[in-house]
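So the structure is just underneath, and the comments pick up after that.
Chains as they are written, first to last, in my numbering: chain A, 92 to 468; chain B, 92 to 468; chain C, 92 to 468; chain D, 92 to 468.
Below, the structure written as structure tokens:
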């Protein structure tokens with residue numbers, strides 16, 4: 092089987108997200124890193140790409156060069172990953188889609204709802220893949236939960252409670268730390284701080300597992316550190332199309348929480364709990380029964396959960412393998428065997444609509460508002 | 092030391108709360124069960140009281156009899172516990188206070204804000220103790236957290252997140268089960284279901300630990316089982332007088348949660364987490380430091396935490412001993428050595444104000460409303 | 092129901108075990124503290140007993156006085172608790188049994204096997220109760236596990252792994268601390284340090300749950316702090332009469348473990364795990380199935396587990412209530428309704444045999460030895 | 092940087108260990124899968140290798156072919172992984188070392204002590220790397236613990252307690268299941284069942300973290316399922332060269348344990364605990380202080396722990412990345428920048444000596460025996 096050619100934009104030396112994508116793309120041997128425009132400093136980017144094994148003529152100085160260079164090659168890249176600063180995702184993703192490339196875009200896919208709608212349209216028109224990296228949805232046990240809901244194992248979902256709260260921005264003394272400050276500055280981060288950063292992961296997860304979409308939201312945003320213009324703590328109540336009640340709390344000042352992303356799903360005939368820091372288990376409680384510990388890799392799981400698990404039961408699999416699972420699904424889709432579960436541009440669009448609607452709701456004192464983007468209404 | 096005489100109203104044979112109070116009052120040898128009107132069936136109540144060692148002439152048929160019988164005795168009871176159905180708490184508590192008795196009232200203290208205000212006034216006028224059984228506040232490690240906040244150990248409190256969510260009313264088939272149904276029927280339960288039952292424990296806990304009071308609330312109530320008129324799932328956002336942001340979720344349909352009452356407190360320089368199902372530990376994270384496991388009984392805790400712990404470190408102490416700690420504090424207060432930390436009528440009043448304000452806010456679509464009762468404004 | 096009269100020897104002011112017994116005896120209203128010889132300082136003991144509500148003429152200066160004073164009274168005590176230094180348990184227990192009193196003796200019941208055998212004989216001859224305070228066996232979920240094994244729910248028990256290891260004697264600088272030092276000094280502690288202190292709890296637990304007895308042992312003892320003559324860390328392999336393999340580790344230098352007493356039982360068709368620091372749950376795994384969390388207070392438990400649980404599911408119950416359960420069983424037995432599950436003199440004797448046999452095995456380099464006392468062979 | 096060429100023997104289609112090695116070798120982009128003899132069925136092996144991207148002329152039918160084919164190439168493989176059945180490790184490893192290849196051998200490295208000694212000698216003579224895949228030692232937090240001990244952070248190590256116990260062979264009905272049966276059949280598994288399979292991982296871990304070696308052992312082996320000739324449950328007491336006391340329990344009939352490999356290390360001034368199912372944390376308790384949760388990725392960890400961690404704090408990293416860390420270290424060593432922490436042939440030899448000595452000790456009734464191989468004495 093010939094390997095697929097993969098290109099990356101952003102993710103240069105010292106970035107956090109770069110290695111995660113490279114491990115994810117390379118671990119299963121489906122992709123070769125064939126091209127890259129890895130850094131906003133063109134020379135550094137070219138050098139680093141070559142250090143990673145990219146041929147000199149495909150180690151590009153910027154994404155425009157890369158688009159030009161790749162689009163006419165016979166062996167052009169089969170997939171490009173966009174891992175640049177958030178505000179650039181839109182234009183890069185759009186340009187590559189329009190030129191016939193499959194794209195995996197980091198979240199948030201865009202900064203505005205309008206941009207999100209455009210990506211959805213362009214993606215549709217192009218016939219190409221536009222995936223968004225809500226990678227938590229690719230953990231085997233998350234797929235298992237989604238499958239259980241779809242099977243009716245817990246009945247109609249009544250309530251979803253999800254948190255994505257950490258304490259890494261809890262130091263007021265970090266006000267001038269550029270790695271933290273930009274997140275709460277509208278000039279750089281847009282309309283939302285913590286909700287746009289982490290909350291949308293949690294909201295996507297709720298939709299993904301429930302197999303349903305958020306319809307209305309009511310939000311309460313707070314900036315608990317005075318110098319911050321954007322929220323560092325937010326509570327979002329929501330209702331899904333099917334009536335499910337949602338509670339979503341996200342915070343960056345929750346000292347003591349590390350990667351505090353978890354979800355509880357309560358249905359008519361069962362409840363489930365999953366913690367991103369222990370992603371290989373699901374606590375499942377059937378109505379009237381005891382809580383059971385479901386383990387990744389145990390017998391009898393769904394095909395999705397089994398397919399995406401790599402080592403035996405209770406050998407932990409972590410974040411890099413969740414990212415790798417996104418690439419597994421993309422490789423299959425590119426090769427014409429789509430699994431269909433990876434997040435796409437419509438997910439990216441819904442997130443943007445949620446961000447902007449929550450901001451508006453919070454400003455209006457928690458008023459309930461419709462969060463469905465027009466394009467998907 | 093002569094023992095104190097104790098009387099009980101309600102808590103008859105087969106009740107859940109009766110044994111908890113008896114263990115609590117008796118375990119430390121401070122109280123003797125001297126009088127009781129234990130059952131709405133007078134004869135059964137008299138018989139059960141005598142079975143528990145109460146003298147025949149103090150085994151009363153109802154609370155009015157008990158009030159008459161006790162008020163003229165030289166050895167009259169030093170404290171009466173009111174553990175009757177919720178709707179009767181007000182009149183019984185009021186009558187005993189007015190006749191010069193110290194009272195420990197089960198929660199909710201009253202059904203309306205007006206009643207709550209009257210109890211506060213009567214209690215004040217009487218000079219007697221009116222305590223309310225928010226017994227979770229008497230766990231040693233809860234006292235420790237309160238002490239840490241008061242000491243400034245975690246700085247100003249930014250955010251409190253508390254949940255009191257279980258799944259014991261999650262079976263739609265229980266619609267006709269009288270032990271469950273009444274809770275969601277306004278004719279019996281009043282204006283609120285789950286929030287009035289469990290939510291007020293969580294809200295009291297937030298105030299108790301923070302040393303601050305709830306000022307404004309915004310609520311979202313849901314009845315996830317169609318036949319229920321009152322909410323079985325509620326989210327309350329709040330702000331405290333000092334600006335602390337609050338997130339309170341309570342549910343009775345959260346399948347898999349048992350006694351899911353927990354609280355997280357996030358301050359400027361530290362965070363803490365406590366779980367009612369593992370009440371002997373606090374997870375404490377200082378800003379910039381590692382999470383530490385604080386243990387009940389460890390060296391260096393506050394006097395309050397040490398005083399209320401009974402057995403050595405890591406020998407677990409549970410719910411009965413938390414109730415007992417309320418009685419320890421009441422015995423001391425009756426004997427003129429008040430510790431002052433037990434919850435009182437003003438706490439009971441604030442809970443009622445919170446219930447009614449949250450109901451109103453939820454009906455109005457989550458509008459923020461002032462929850463401070465006029466009497467305490 | 093007239094209350095039972097209870098007396099206590101030892102457990103004076105400042106002792107740890109005294110309050111545990113008083114809470115245990117008083118919490119359920121079955122016993123009145125009627126007599127006491129609480130302190131080796133006669134005057135302090137008399138004063139403290141009266142402070143606890145004992146009449147002046149039953150506040151004794153020592154156990155001999157108490158025996159003389161009580162044995163001729165019409166209202167003599169129905170049960171005496173012996174909570175004195177270990178080396179005195181034998182003579183006091185023997186004397187009270189011989190004079191027709193029921194006795195609850197703290198562990199270890201005796202210092203030698205011969206003494207243990209004598210207590211068993213005296214107890215039998217007297218027709219009185221001689222209980223030994225292996226109180227962990229009275230936790231509801233421990234009774235449940237015993238019941239499950241007896242029911243064959245996990246099949247024949249293949250392996251039991253139990254640890255009772257803490258770190259509270261892990262400071263070499265404590266060499267001169269009298270609260271620690273005596274434990275490792277043969278002149279005060281006898282032939283064994285940590286195994287005699289904590290290990291025998293674990294070994295009793297194994298037997299109690301398995302419904303089987305230890306037959307042979309092979310031990311490895313270590314004194315990890317050089318100044319200690321007796322062991323502070325011990326591993327005991329054992330075989331039970333029915334063939335069950337046992338692994339018992341006990342240590343007092345295990346820094347980071349607090350009250351690290353836990354047990355795992357592995358049978359042909361299921362496994363179970365219980366932790367003394369979270370005593371209200373059992374992790375149960377049926378062969379071929381998922382691990383389930385069993386909760387104290389859940390529906391469907393055995394009568395024993397239900398009878399000894401006092402508050403609703405997931406309201407934690409702790410060590411004081413386990414001690415109280417021993418007193419509940421003793422009250423019932425005294426009143427002629429024995430439940431039979433409380434530990435008795437034969438358990439105390441078996442522990443002594445285990446201690447002395449393990450000491451001998453360890454000295455002989457781990458040689459397997461028979462640990463069944465002659466009297467019970 | 093030119094990539095290193097990697098070859099694999101064994102690990103064919105459907106094997107568990109094959110994918111773990113491929114993910115490990117490929118994830119970081121250091122290695123290209125250049126050659127393989129993946130299956131005992133030559134044709135299947137050749138086909139599968141090509142499917143994985145190996146050129147047809149380097150897709151070999153067996154290891155002998157591969158050795159012949161590779162040894163004369165200019166671009167010969169830089170590293171060969173041996174992941175064949177246990178009994179073949181010795182001859183393959185030896186042959187490749189003798190022909191100048193670097194080798195990563197699966198455990199157990201050999202079946203006998205004599206073979207182990209020979210590999211050590213051949214490896215030394217060849218000047219080539221002979222690593223053994225004790226991959227748990229490559230978790231970042233395991234490296235951190237090793238570093239802490241080396242730094243004296245917990246003082247001299249007094250006691251190590253380690254378990255590697257699961258329940259996956261607990262079904263007596265599996266007696267005829269070939270995937271299970273061979274493990275307990277001396278004809279296929281050699282002298283030891285569970286200890287040789289899992290116990291040696293635990294023993295290596297103890298040595299690795301302590302920076303010390305096992306000197307003497309005393310073992311108790313049991314076959315709890317009657318049809319098994321070799322042990323399925325074993326307890327090994329040991330002493331290290333520096334005096335550390337060891338307790339190692341391993342079982343395959345521990346129903347309810349999944350991948351139950353954990354270790355506790357108790358020193359003079361601190362204790363640590365690590366669980367392989369939650370490998371990203373260490374519980375650390377300094378003498379006199381509280382237990383702290385150390386997190387992979389937190390600030391201030393050792394260079395080793397930081398270097399081998401790939402994603403941000405509390406983003407879990409699992410087993411595949413631990414294997415990958417072995418390959419990271421090997422790549423560095425091959426490129427002349429050795430880190431030196433990967434396990435080598437002497438570790439493999441010590442394991443064999445431990446296996447054979449424990450078997451002898453258990454047969455002799457737990458007698459203490461010297462476990463140091465002559466070559467390393």
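Backbone N, C-alpha and C fix where the C-beta goes; we use that ideal spot for every residue, glycine too.
Got a sec, what are the start and stop residues for the alpha helix (DSSP H) residue i sits in?
i: residue 117/C; result: 108–117
i: residue 358/D; result: Premise fails: residue 358/D lies in the beta strand (DSSP E), 351–358, not in any alpha helix (DSSP H).
i: residue 135/A; result: 133–142
Does the Cβ-Cβ distance between residue i and residue j come in under 8 Å?
i: residue 354/A; j: residue 251/A; result: yes
i: residue 256/C; j: residue 345/C; result: yes
i: residue 200/B; j: residue 180/B; result: yes
i: residue 432/A; j: residue 395/A; result: yes
i: residue 385/A; j: residue 235/A; result: yes
i: residue 129/C; j: residue 146/C; result: no
i: residue 262/D; j: residue 170/C; result: no
Excluding five sequence neighbours on each side, which residues of the same chain lie with their C-beta closer than 6 Å to the C-beta of residue i?
i: residue 362/A; result: 376
i: residue 420/C; result: 430 and 433
Along the chain, where does the beta strand (DSSP E) containing residue i start, and where does it finish?
i: residue 342/D; result: 336–342
i: residue 149/B; result: Run containing residue 149/B: none; DSSP gives neither H nor E here.
i: residue 238/B; result: It is not in any beta strand (DSSP E) - residue 238/B instead sits in the alpha helix (DSSP H) that spans 231–241.
i: residue 262/C; result: Per DSSP, residue 262/C belongs to no beta strand (DSSP E) and is neither H nor E.
i: residue 127/A; result: 122–128
i: residue 329/C; result: 324–331
For residue i, count neighbouring Cβ atoms within 10 angstroms of its own Cβ and tell me buried if that reaches 16, exposed if not.
i: residue 428/D; result: exposed
i: residue 116/C; result: buried
i: residue 320/C; result: exposed
i: residue 318/A; result: exposed
i: residue 164/A; result: exposed
i: residue 92/A; result: Note that residue 92/A scores 44 on pLDDT, short of 50, meaning its location in the model is unreliable; the coordinates nonetheless yield the value given after this. Residue 92/A is exposed by the Cβ-count criterion.
i: residue 358/A; result: buried
i: residue 387/C; result: buried
i: residue 124/D; result: buried
Leaving out five residues before and five after residue i in sequence, what residues of the same chain have Cβ atoms less than 7 Å from its Cβ?
i: residue 365/A; result: 232, 233, 236, 353, 354 and 373
i: residue 402/A; result: 408
i: residue 112/D; result: 99, 102, 172, 174 and 414
Please return the same chain residues whose Cβ sits closer than 8 Å to the Cβ of residue i, not counting the five positions on each side in sequence.
i: residue 406/C; result: 388
i: residue 343/A; result: 256, 257, 258, 259, 260, 261, 274, 284, 285, 288, 289, 323 and 324
inquiry  = Three or more C-beta pairs under 8 Å: does that hold for the region 209–226 of chain A against the region 447–455 of chain A?
reply    = no
task = Kindly confirm or deny that the region 295–303 of chain B and the region 333–347 of chain B touch, where touching means at least three C-beta pairs closer than 8 Å.
result = A contact is defined here as three or more CB-CB pairs under 8 Å, and the region 295–303 of chain B meets this definition with respect to the region 333–347 of chain B.
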